[in-house]
Structure formats: C-alpha cells, structure tokens
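Engineer:
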Amino acid sequence: MDEIRVSDIKRSDAWLDATYYTVTKSDFITIGIEQDAPVDTIDVNATTAIGTQKATLNGYLPTGDGFYVGNFDYGFWMGTTTPVTNTNSVNVTGAGVVAAGNTFTRTPETLAIGTRYYARSWIKNATYFQNSTGEVSWYTRPLLPTGLFVVDNACVADISWTKGTNATKTIVVRNAANVPTSSTDGTVVYNDTGTSFSDTAAAGSSQNYSIWSYTSDKLSVGWTNETRHFAPCDPTNVNIDVLSNQTFNISWTLGVGTLVTVAVRKLGGFPTDANDGTVVHNDTSTYHITSDSTTLWYYTLFSFSNNTFSSGIDVSLGGLIISCFDEQTNESLYFDVSIVNQSGSETYESLNNTGPLVLNLTEVPLGDHIKIIVSAASNYSDKVDEFTSYDTEENATVSYFILSYIPESKDLTNVTCLN
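Per this note's numbering, residue 19 is the first one in the sequence shown, and the count goes up by one each step.
#1: Does the pairing of the region 140 to 153 with the region 89 to 102 give three or more beta-carbon distances under 8 angstroms?
#2: Relative to the alpha-carbon of Ser323, which residue among Gly69, Phe85, Phe122 and Ala220 has its alpha-carbon at the smallest distance?
#3: Which of the three DSSP states, helix, strand or coil, is assigned to Gly77?
#4: Can you tell me the Cα-Cα spacing of Val197 and Thr245, whole angstroms?
#5: Got a sec, what are the start and stop residues for the beta strand (DSSP E) Leu369 sits in?
#6: Would you mind giving the Cβ-Cβ distance between Ser461 and Thr158, rounded to the nearest angstrom? I have them listed as a contact below 8 angstroms.
#7: DSSP state of Gly84, grouped into three classes?
#8: Could you compute how far the alpha carbon of Ala195 sits from the alpha carbon of Asn267?
#9: Between the alpha carbons of Asn293 and Ser303, how many angstroms are there, rounded?
#10: On a Cα-Cα basis, can you pick out the residue from Ser321, Leu261 and Lys284 that is closest to Thr271?
#11: Over the uninterrupted beta strand (DSSP E) stretch that includes Asn89, give me the two end residues.
#12: The beta strand (DSSP E) with Glu244 in it runs from where to where?
#13: Please classify Ile307 as buried or exposed, where buried requires at least 16 neighbouring CB atoms within 10 angstroms.
#14: Does the beta-carbon of His387 have 16 or more other beta-carbons within 10 angstroms, so that it is buried, or is it exposed?
#15: Considering only residues of the same chain and omitting the five flanking positions on each side of Thr296, which have a CB-CB separation below 8 angstroms?
#16: Given Asp354, which residues of its chain have a CB within under 6 angstroms of its CB, disregarding the five upstream and five downstream residues?
#17: Can Ser228 and Trp179 be called in contact, C-beta distance under 9 angstroms?
#18: For the beta strand (DSSP E) that Arg283 lies in, which residues bound it at each end?
#19: How would you label Lys401, buried or exposed, when you count the other beta carbons within 10 angstroms and need 16 or more for buried?
#20: Relative to the C-alpha of Ala130, which residue among Thr99, Asn184 and Leu166 is closest?
#21: Can you check whether the CB of Thr125 is closer than 9 angstroms to the CB of Ala67?
#22: Give the C-beta separation of Asp61 and Cys173 to the nearest angstrom, bearing in mind that I take them to be a contact with Cβ-Cβ under 8 angstroms.
#23: What residue does the beta strand (DSSP E) around Arg159 start on, and which one ends it?
#24: Using only the alpha-carbon positions, how far apart do Leu79 and Gly114 sit?
#25: Going by the CB atoms, is the gap between Ile340 and Asn445 shorter than 9 angstroms?
#26: For Thr347, count the other beta carbons within 10 Å of its own beta carbon; 16 or more makes it buried, fewer makes it exposed. Which is it?
#27: Beta carbon of Thr247, beta carbon of Asp170: below 9 angstroms?
#28: When the distance is taken between beta carbons, is Asp291 closer than 9 angstroms to Gly240?
#29: In terms of residue numbering, what span does the beta strand (DSSP E) encompassing Asp386 cover?
#30: If I measure Cβ to Cβ from Asn106 and keep anything under 7 angstroms in the same chain, skipping five residues before and after, which residues do I get?
#31: Report the residue ranges of all alpha helix (DSSP H) runs contained in full by the region 118 to 188; include only those spanning at least 4 residues, in chain order.
#32: Where does the unbroken beta strand (DSSP E) through Phe320 begin, and where does it stop?
#33: When the Cα atoms are used, what is the spatial distance from Asp344 to Val376?
#34: Between which two residues does the beta strand (DSSP E) holding Gln225 run?
#35: Give every residue of the same chain whose Cβ lies closer than 8 angstroms to the Cβ of Thr133, excluding the five residues on either side of it in the sequence, and list them in chain order.
#36: Quickly, what does DSSP pair Asn255 with across the bridge? List them, please.
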C-alpha cells in the first residue's frame, strides 16, 4: 500500500466502483508515505581495562523499538589489521547471551604486548545476524623498563635502563619531594626512544626518579623508581693571583648545587678528601688569601651540599718560587734572577730580590732547556749558579730544586737557592 486517501463525504459502494479511478487528488486527504520500520544498530564501545595482554571489549544491543526480541548470542571480531571481519585470526566468538537494551563484554587475555588491535561487535539468533558498523582501536600496554641505574658521575646523574618489551619510548620523571607515581607527578626530564640520559640539574640535591614505558597513548602498568643523593659539582674557574711577593689569592666560581666551598691543605701531597689535611676555608665566599709562602702547601677545593662533598679539585700555582739564604745563619740574601730560553729570544730578569720570589709562569719563558741563573748580591759578588735543561711548562706545578755551592770569598759559608 503506497498511500491512504479519505473522502470528505460518504460514498456508496456503486459510486466507489464507478468512480474510483476518476477521483482527483483533491478529493482525498494524504495520511503519509510508506516508511521502513526504524531499527537501531548494535554498538561497539570504547575498550576498557587495557593491560599488557588483555583488554575488555564492550558492546551494546539497543531495543530497536521492539525489533530485537528475546536473547541473542554475541561476540567480537578482533584483529591487528583494519577493517576487522569474521576472517580475522584473533576473533572472540560465542562470548555469551544478551537481551535488548543491555551491554555485553568480553575480556581476552592472550593479546600481544604493546600491539595495536581493532574490534567490532556482533549479535545473532537462529534467523538474524548483525555486526556493528563502527570499529574501535587500542594499544595494549608495553612492559616496564628494567635494570634502572642512577649513578652520580662528577655532578651529573647518569641514568640508564633496559627498554620495556614493545615500548616505543621511555618516560623519565624527576621529583625532589616524593617518588613520582604518574607521568605528570614531577618534571619530565626524558621522553624519547633511547636507553640512557644524563641529568645535569641534580647536583647537590636528593632526587627521586620514576620511569615508564610508552607506546602510542599507553603507559606501562606501574613504574620503576630510584632515589639518589647527589654531590655538588666541583668549583670551576680556579685561579691564583700573586698579591705580593709572599701573599696569594686563590679564587673560584661556586660549583653547581654548592652550599659552601671547603679548602683543605696539607704537606707532601694533595688532600684526597675533606678530612685529609687542615681546613682553611669553609663558607659561601669564593676566595681564600694565604700569606704562608715559605712552606710548600698542597690545596684541594671541595664543594659541599646535601651532606655530600664533591670529588675535589687540586689547586696548583703555575710558577716558580725562588729563595736565597745563608745556610749557616739562615739570613735571607738579596739575589738576582735571569731566565732565558734556549735560543735567547725570550728572557726574564729580576734584580735585587729577597726571598721568596714568586714568579708566575705567564711572565717567564716556557719550553725545554730553559736556563735559570741565580746570583747572590752583597758579600757574595761573582757568586753565580746556573742550571740548564730545566723544563718549565705552562700550567705545571714546580715543587722544589736545591742548588748549593761554597762561595770562593767565604770558605765557611754556603749559599743555597731554592726554587
């Protein structure tokens, strides 16, 4: 029946028989055209409870305005390629029975780790079959990273790990206050495809690191974490200035993460830690002045913070210290110094000095076969000693070298020159 028409007056059967095919359209009232009965299609909803090898598939069977009557078998088509059909090898069939107006689920537990899947839902009974027109997609979660190592390496935190199975990236989160429990609980310091990272911002602090594997939009389940206390960085830009003939200023720049700088000195060699010698400086300033140039002291500067010392940096003066004195009376003598390189193209001369004379290496000739001439002044005229084949190297520490001889004019007096 295409349409129904109603006359506005009562008609006899004879009239209808005689005039049915001659009645015009205006003699009838149009009720409406023929329509298909509305039937809702089934749905496949977002996948939930996604793990490394399982996920919960969700479907919905509508009422269909009474079209879906009774119970229907349901299931899912699932696979790693799209579109999924009943020929996919990972199908979940015969999952259960559902009535109209209800949801239905299924949780397969043998999925591949960190893999993308697609799925459609379907229902059927003895005479009817229908699948969802929509399709959902998701990734299973990758495995956690393993073998997390956090090492304090000269004020740099070296972090390494083994990548989680089928992970695309690894996310590293740092938090000084607590162990990060989510990828947003702290500062993301790494989010890439590698297996190591160096964190230069951890010096002089305590830090908590947590790491996750990541694939597409999915993090691994749980996290791996480490907590470490990091030493501050060593002082930098260490410099020694000669303020006077016997006074030095040791200056530096505070190391990264440093609370105070501790300067330690001792005789015979550089201090190996902050307890190996005498502490001569322990505060926030960046210089130390010493006037004891008559003894060969070895200095080491340590940064301190977070109850931890840095490895320390040795302090050396690139120069020469020359003294002249009477060995019997220990009287300090005036003396002259001349320093010449092998070719004679570079010279240095200082006259009428009293020891100790401190010479910065930037002031004197450098290289191999440097000739250093030391001559005593008053009462020791014509008493000159020189030594050659002595190497002065830039940034080297010159310890001591002893020269002794008996002056011809005083048989009982020796003169020793130290450098």
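Glycine included, every Cβ here is placed at the ideal spot set by N, Cα and C.
Model, not experiment: these values are computed from the prediction.
Structural biologist: This is what the structure holds:
#1: yes
#2: Position 305 of the sequence shown holds residue 323. For the residues Gly69, Phe85, Phe122 and Ala220, the minimum Cα distance to Ser323 belongs to Ala220.
#3: Start at 1 with the first residue of the sequence shown, and residue 77 comes out as number 59. If DSSP states are grouped into helix, strand and coil, Gly77 belongs with the strands.
#4: Your numbering for residue 197 matches position 179 in the sequence shown. Your numbering for residue 245 matches position 227 in the sequence shown. Their backbone Cα atoms lie some 8 angstroms apart in a straight line.
#5: On the sequence shown, residue 369 is found 351 positions in, with the first residue counted as 1. Note, Leu369: beta strand (DSSP E), Thr365 to Thr372.
#6: As shown, the chain starts at 19 and ends at 437. That puts residue 461 outside it, with no answer to give.
#7: As a first step, residue 84 is located in the sequence shown; it is residue number 66 there, counting from the start. Helix at Gly84.
#8: Counting from 1 along the sequence shown, the entry for residue 195 is found at position 177. Counting from 1 along the sequence shown, the entry for residue 267 is found at position 249. Ala195 and Asn267: Cα-Cα distance of roughly 40 angstroms.
#9: Taking the sequence shown and counting its residues from 1, one reaches residue 293 at position 275. Taking the sequence shown and counting its residues from 1, one reaches residue 303 at position 285. Distance between the alpha carbons of Asn293 and Ser303 is about 20 angstroms.
#10: To locate residue 271, count along the sequence shown from 1; it is residue 253. With distances taken between Cα atoms, Thr271 lies closest to Ser321.
#11: Mapped onto the sequence shown, residue 89 falls at position 71. Run containing Asn89: Asn89 to Gly97, per the beta strand (DSSP E) assignment.
#12: Numbered from its first residue, the sequence shown carries residue 244 at position 226. Note, Glu244: beta strand (DSSP E), Thr242 to His247.
#13: As a working mapping, residue 307 is identified with position 289 in the sequence shown. Classification for Ile307: exposed.
#14: Stepping through the sequence shown from its first residue, residue 387 is reached at position 369. Flag for His387 reads exposed.
#15: Taking the sequence shown and counting its residues from 1, the one referred to as residue 296 is at position 278. These residues qualify, in order along the chain: Val282, Arg283 and Lys284.
#16: Here residue 354 refers to the residue found at position 336 when the sequence shown is read from its first residue. Answer for Asp354: Leu369 and Ser393, listed in chain order.
#17: Start at 1 with the first residue of the sequence shown, and residue 228 comes out as number 210. Start at 1 with the first residue of the sequence shown, and residue 179 comes out as number 161. No; because the gap between Cβ atoms is not below 9 angstroms, this pair is not in contact.
#18: As a first step, residue 283 must be located in the sequence shown, where it is residue number 265. Element bounds for Arg283: Val278 to Leu285.
#19: One-based indexing of the sequence shown puts residue 401 at position 383. For Lys401, the predicted structure reports a pLDDT of 47, less than 50, and the residue's modelled location is therefore unreliable. The matter cannot be settled from this model.
#20: Walking along the sequence shown from the start, residue 130 turns up at place 112. That would be Asn184, whose Cα lies nearest to the Cα of Ala130.
#21: Locating residue 67 in the sequence shown gives position 49, where the first residue counts as 1. Locating residue 125 in the sequence shown gives position 107, where the first residue counts as 1. Yes. Within cutoff.
#22: Taking the first residue of the sequence shown as 1, we reach residue 61 at position 43. Taking the first residue of the sequence shown as 1, we reach residue 173 at position 155. With a Cβ gap of about 58 angstroms, Asp61 and Cys173 do not count as contacting.
#23: Along the sequence shown, one-based indexing puts residue 159 at 141. Segment: none, Arg159 is in no beta strand (DSSP E) and carries neither H nor E.
#24: By 1-based counting over the sequence shown, the position of residue 79 is 61. By 1-based counting over the sequence shown, the position of residue 114 is 96. So the alpha carbons of these two residues sit roughly 13 angstroms apart.
#25: Residue coverage of the chain in this structure runs from 19 to 437, which leaves residue 445 outside it and unanswerable.
#26: Reading the sequence shown from its first residue, position 329 is the one you call residue 347. By the neighbour-count rule (16 or more Cβ atoms within 10 Å), Thr347 is not buried but exposed.
#27: Reading the sequence shown from its first residue, position 229 is the one you call residue 247. Reading the sequence shown from its first residue, position 152 is the one you call residue 170. In the sequence as displayed, the identity of residue 247 is His instead of Thr. Going by C-beta atoms, His247 is nearer than 9 angstroms to Asp170.
#28: On the sequence shown, position 222 is the one that residue 240 refers to. On the sequence shown, position 273 is the one that residue 291 refers to. Result no, Cβ atoms of Gly240 and Asp291 do not sit closer than 9 angstroms.
#29: Translated into the one-based positions of the sequence shown, residue 386 becomes position 368. Asp386 -> beta strand (DSSP E) spans Gly385 to Ala394.
#30: Residue 106 sits at position 88 when you count from the first residue of the sequence shown. Closer than 7 angstroms at Cβ, skipping near neighbours: Trp95, Met96 and Gly97.
#31: none
#32: For the purposes of this step, residue 320 is identified with residue 302 of the sequence shown, where counting begins at 1. From DSSP, the beta strand (DSSP E) with Phe320 extends over Trp315 to Ser323.
#33: Sequence index remark: in the sequence shown, residue 344 carries index 326 (1-based). Sequence index remark: in the sequence shown, residue 376 carries index 358 (1-based). C-alpha separation (whole angstroms): 19 angstroms.
#34: By 1-based counting over the sequence shown, the position of residue 225 is 207. Ser224 to Thr233 is the span of the beta strand (DSSP E), which, as asked, contains Gln225.
#35: Taking the sequence shown and counting its residues from 1, one reaches residue 133 at position 115. Correct list, in chain order: Thr98, Tyr157, Thr158 and Asn184.
#36: In the sequence shown, residue 255 corresponds to position 237, counting from 1. Partner(s): none; Asn255 has no beta bridge.
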